[in-house]
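Visitor:
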Amino acid sequence: LQRVQLGPIAAESMYPTYRVLLDACRHTGDARATQVQAAIDELKMSRGTAVVKYVVDGKELQQTSGTDSRALDGTVDSLYRWVSEETAYRPRLDAVAFTLVQQVSEADQVNSLKYH
-19 LQRVQLGPIA
-9 AESMYPTYRV
1 LLDACRHTGD
11 ARATQVQAAI
21 DELKMSRGTA
31 VVKYVVDGKE
41 LQQTSGTDSR
51 ALDGTVDSLY
61 RWVSEETAYR
71 PRLDAVAFTL
81 VQQVSEADQV
91 NSLKYH
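Right, here's the structure in full:
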């Protein structure tokens, strides 16, 4: 991590490297995941804003991550419930952003995954 931080490459272009390191730490239970996340936060790195595109009644719609869409929530909840009950699907909590894992309950983590 220190060698990566000392390099001449711009911080924004290093996000994928930090993300791989963070994921590796999380996957192996390495406590240094907190340090990697702190470095990401300190350097103000971001993967950018996610845009979700979906089709409802034949019409393509989109929503930017973090915006509120109560109309979509019911549809997503119904789809999630059906998939959970009718298939072997189980939420992959390791896909939840590390900062969110540290701040919210497992139920809230599962809720955030409904849109992925």
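Here the sequence shown is numbered in the working numbering, starting from -19 and rising by one per residue. We treat Cβ as the ideally placed atom computed from N, Cα and C, and that holds for glycine.
1) Quick one: complete alpha helix (DSSP H) runs, 4+ long, within the segment 15 to 93?
2) To the nearest angstrom, report how far apart Asn91 and Asp57 are at their CA atoms.
3) Using C-beta distances below 8 Å, list every residue in its chain close to Leu73, excluding the 5 sequence neighbours before and after it, in chain order.
4) Determine the closest residue to Thr55 out of Thr14, Gln17 and Tyr95, with distance taken between C-alpha atoms.
5) Ala13 by DSSP, collapsed to three states: which one?
Guide: Let me lay it out:
1) Here the runs fully enclosed are 50 to 66, 78 to 83 and 86 to 93.
2) Mapped onto the sequence shown, residue 91 falls at position 111. Mapped onto the sequence shown, residue 57 falls at position 77. Distance from the CA of Asn91 to the CA of Asp57, rounded to the nearest whole angstrom, comes to 9 Å.
3) On the sequence shown, position 93 is the one that residue 73 refers to. Counting only Cβ-Cβ distances below 8 Å, and skipping sequence neighbours, we find Val81, Glu86, Gln89, Val90 and Leu93.
4) Within the sequence shown, the letter at position 75 stands for residue 55. Looking at Thr14, Gln17 and Tyr95, the one whose alpha-carbon comes closest to that of Thr55 is Tyr95.
5) If you number the sequence shown from 1, residue 13 lands on position 33. Correct three-state label for Ala13: helix.
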